[in-house]
Each structure stands twice: as C-alpha cells, then as structure tokens.
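Heads up, the sequence shown is in this note's numbering, so the first residue is 83 and it goes up one at a time.
By construction, the Cβ of each residue, glycine as well, lies at the ideal position given by its N, Cα and C atoms.
No experiment lies behind these values; they were computed from the predicted model shown.
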Amino acid sequence: MDLHLKNKVVVITGAASGIGAASALTFAREGARVVVADVQNELGEKIVSQIKSENGEAFFVKCDVTSEADIKNLIAKTIEKFGRLDCAFNNAGIEGELSDTFSCTTENWQRTMDINLKGIWLCMKYEIPEMLKTGGGAIVNCSSVAGIVGFEGLPAYVASKHGVVGLTQTAALEFATKNIRVNAICPGVIDTPMVNRLTHGQESEKKDFIAGEPVGRMGKPEEMARVAVWLCSDASSFVTGHPLVADGGWVAR
Ligand SMILES: NC(=O)c1ccc[n+]([C@@H]2O[C@H](COP(=O)([O-])OP(=O)(O)OC[C@H]3O[C@@H](n4cnc5c(N)ncnc54)[C@H](O)[C@@H]3O)[C@@H](O)[C@H]2O)c1
C-alpha cells in the first residue's frame, strides 16, 4: 500500500525520545520531511542525524509545547525550511507525579495539563492555519488508554488525556469540510523512558504493568509510530475524530 507520504512535511513534538523518536524515523523512512521538536536538544539532534544517515530529510527545533512563542517559532521554521505543513503528530507528554486524586498537588495538576492538553491545543492553533493555506492536512494527537478509562494514581494525567480526546473530536468536526483530519492515538503500555520512570526501572514493577496487557507484553514505540503514520496517510482518508486505541487489548477488559 502506498501511503503517499513522500515529500510530505510532518512536525512531531516530543520527537527526541520514545514514541516520538520512533515516529520521526518511521515517517522519514516513508519519505516524509520531518521536523523534530523537543525540549531535549542533544537527543533531538541525534534523531535528526540518524534520519540524515539514512538519506532522509529532517531538522531539529527546540520547542517547549507549553510556550506559545516556541510553537509559533516551530511552525514558522517549518514553513521557512520546507515551505508547507502537511501532517503533525502532537505527541509530547509527561506522566506527572504518581499520587491519588486527594494528594495530587496543584503544581503537578497544572504542569501535566499545560504540557499534555494545553500543549496540544497550542500546536493545533498554529498548525491548522498552515494546513488551510494548502488545502488540507492530517493531525494526530497523543492521548492514551488513560484518555478512555481511569487509571489509579495519575489523576492529572488521566484528565489531560481524556481532554485530548474531546479536543481532537472538536477540531475534527470544525475542519471536516476543509480536508483536515484530526485523530488521536491511545497507546497502551509502551516500552519507553516514560514507563521506565513510572516503574522506577524495576523489572518487578514492569511485570505489574504488563499484567494489565492481555497480549502479555508491552508495546514497542515502532508499533505506535506505524499507527501515527497510517493516521497521517491517505490510507486513512475516511477516518477523522477517532481516538484510535492501540493497546494490546488493555481497554477490552
Ligand atoms: N509509554 C507509554 O506507555 C504511553 C502510553 C500512553 C500514552 N503515551 C503518550 O505518548 C507520548 C510519548 O511518550 P513516551 O512514552 O514516548 O515518553 P518519553 O518520555 O520517552 O517521550 C516524551 C518526549 O516528550 C518530550 N517533552 C516533555 N515535555 C515536553 C515539553 N514541554 N515540550 C516539548 N517536548 C516535551 C520529552 O523531552 C520526551 O522527548 C506522551 O504523550 C505519552 O503521554 C505513552
């Protein structure tokens, strides 16, 4: 199946690590021109080098998704270098602090909401006008299984990821007739630094996480990357406003 991503321009936030990094490489291998955005310079530049070593096209922009000025700059740099914006994977996110609803601090709540939810809204605020100029595009926002069901110990994270689903559906409806598709991806437990942090690098804690996965293993970042690529491609041309659960069966329980 030709995904028709050759020379398409894609912006990926949180692209220095985990799911975002795997997505940057996968988009590039499909021929897309990739803008790698993250707060982590060194790791971001490393992904760019890897893409270039495979004869792909990419560049890095330092961008904190909580900063409107940074996002404005990210999109401006994308247009300056590549001339257009076709796709976006708004993926940057944090897990926040583990705490129950009662002991969650205001600071943890605010920071998690700012990165995971406000960050996605800000990205779309600047991405959509560029897509309108060229007749359309595709946006994928990163939610989670925690955007579909509850998850003990992560109240701010769960609330932010549920918000991402509602925001995604709203933008999808608003721009459905303008040829801009907006979908969300809802990963299950994926083997990335985020899960390492949540499980304190302990194999025993990882096993507890995996126990929630009916398939009996964690997902790989590349498996999420392929979903994001599909949602950005013409292969999913009739799919919009959809929170796509890619979770090894987690929410089927
Ligand atoms: N790993 C999982 O099990 C899992 C499950 C469901 C959803 N997700 C979601 O997938 C996305 C990627 O997570 P991951 O697992 O790859 O984690 P990760 O920690 O490996 O990667 C997250 C990336 O986001 C970047 N980032 C953090 N704050 C940022 C900010 N303010 N501005 C720009 N970049 C920022 C980090 O520097 C990092 O490179 C997140 O939105 C996460 O919530 C992950």
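Would residue 161 be called buried (16 or more neighbouring beta carbons within 10 Å of its own) or exposed? Your numbering for residue 161 matches position 79 in the sequence shown. With fewer than 16 other Cβ atoms within 10 Å, it is exposed.
Excluding the 5 residues flanking residue 122 on each side, which residues of the same chain have their C-beta closer than 8 Å to its C-beta? As a position in the sequence shown, residue 122 is number 40, starting the count at 1. Closer than 8 Å at the Cβ level, and outside the excluded window around residue 122, lie 98 and 99.
Output yes or no for whether 8 Å exceeds the beta carbon distance between residue 249 and residue 213. In the sequence shown, counting from the first residue as 1, residue 249 sits at position 167. In the sequence shown, counting from the first residue as 1, residue 213 sits at position 131. Taking 8 Å as the Cβ cut-off, residue 249 and residue 213 do not qualify as a contacting pair.
Who are the near neighbours of residue 334 in its chain, counting only those whose CB is closer than 8 Å to its CB and skipping five residues on each side? One-based indexing of the sequence shown puts residue 334 at position 252. Excluding positions up to five away in sequence, the list reads 296.
Terminal residues of the beta strand (DSSP E) in which residue 224 lies: Within the sequence shown, numbered from 1, the residue matching residue 224 stands at position 142. Run containing residue 224: 219-224, per the beta strand (DSSP E) assignment.
Decide if residue 199 is buried, meaning its Cβ has at least 16 other Cβ atoms within 10 Å, or exposed. Residue numbering aside, residue 199 sits at position 117 when the sequence shown is read from its first letter. Residue 199 should be labelled buried.
Out of 155, 285 and 111, which has the shortest C-alpha to C-alpha gap to residue 140? The sequence position of residue 140 within the sequence shown is 58, counting from 1. Answer by Cα proximity: 111.
CB residue 145 to CB residue 153, shorter than 8 Å? The residue labelled residue 145 in the question sits at position 63 within the sequence shown. The residue labelled residue 153 in the question sits at position 71 within the sequence shown. Contact: yes.
I need the boundaries of the beta strand (DSSP E) containing residue 268, first residue and last residue. In the sequence shown, residue 268 corresponds to position 186, counting from 1. Here the beta strand (DSSP E) through residue 268 covers 262-269.
So what does residue 141 bridge to, in DSSP terms? Within the sequence shown, the letter at position 59 stands for residue 141. For residue 141, which the question treats as bridged, DSSP gives the partners 117.
Please name the residue in 159, 163, 208 and 246 whose C-alpha comes closest to that of residue 195. As a working note, residue 195 is residue 113 in the sequence shown. Ranking the options by Cα distance to residue 195, first place goes to 246.
So does the region 172-184 actually touch the region 223-239, counting three or more Cβ pairs closer than 8 Å? yes
Run the CB neighbour count on residue 137, radius 10 Å, all protein chains shown included, and call it buried at 16 or more, exposed below. One-based indexing of the sequence shown puts residue 137 at position 55. Residue 137 should be labelled exposed.
Just confirm the distance between the C-beta atoms of residue 226 and residue 275, as a whole number of angstroms; I'd bet it's less than 8 Å. Here residue 226 corresponds to residue number 144 of the sequence shown, with the count starting at 1. Here residue 275 corresponds to residue number 193 of the sequence shown, with the count starting at 1. Actually they are not in contact, since the Cβ atoms of residue 226 and residue 275 sit about 15 Å apart, beyond 8 Å.
Is the beta carbon of residue 273 less than 8 Å from the beta carbon of residue 302? As a working mapping, residue 273 is identified with position 191 in the sequence shown. As a working mapping, residue 302 is identified with position 220 in the sequence shown. Cβ atoms of residue 273 and residue 302: closer than 8 Å.
Which residue spans inside the region 252-319 form an unbroken alpha helix (DSSP H) run of at least 4? 275-280, 285-293 and 303-314
Decide if the region 313-323 is in contact with the region 217-225; the criterion is three or more beta carbon pairs, one per stretch, under 8 Å apart. yes
Within the continuous beta strand (DSSP E) that includes residue 95, where are the two ends? Within the sequence shown, residue 95 is the residue found at index 13, counting from 1. Note, residue 95: beta strand (DSSP E), 91-95.
Within this structure, are the beta carbons of residue 95 and residue 119 separated by less than 8 Å? Residue mapping note: residue 95 aligns to position 13 of the sequence shown, counting from 1. Residue mapping note: residue 119 aligns to position 37 of the sequence shown, counting from 1. Cβ distance < 8 Å, so residue 95 and residue 119 count as in contact.
Pair within 8 Å by beta-carbon distance, residue 266 and residue 108: Counted from its first residue, the sequence shown places residue 266 at position 184. Counted from its first residue, the sequence shown places residue 108 at position 26. It is not a contact, given that the beta carbons lie outside the stated cut-off.
Please report the distance separating the alpha-carbon of residue 91 from that of residue 299. Indexing the sequence shown from 1 puts residue 91 at position 9. Indexing the sequence shown from 1 puts residue 299 at position 217. Cα-Cα distance, rounded: 33 Å.
Measure the alpha-carbon distance for residue 209 versus residue 170 and round it to whole angstroms. Along the sequence shown, read from residue 1 onward, the residue named residue 209 stands at position 127. Along the sequence shown, read from residue 1 onward, the residue named residue 170 stands at position 88. Roughly 8 Å between the two C-alpha positions.
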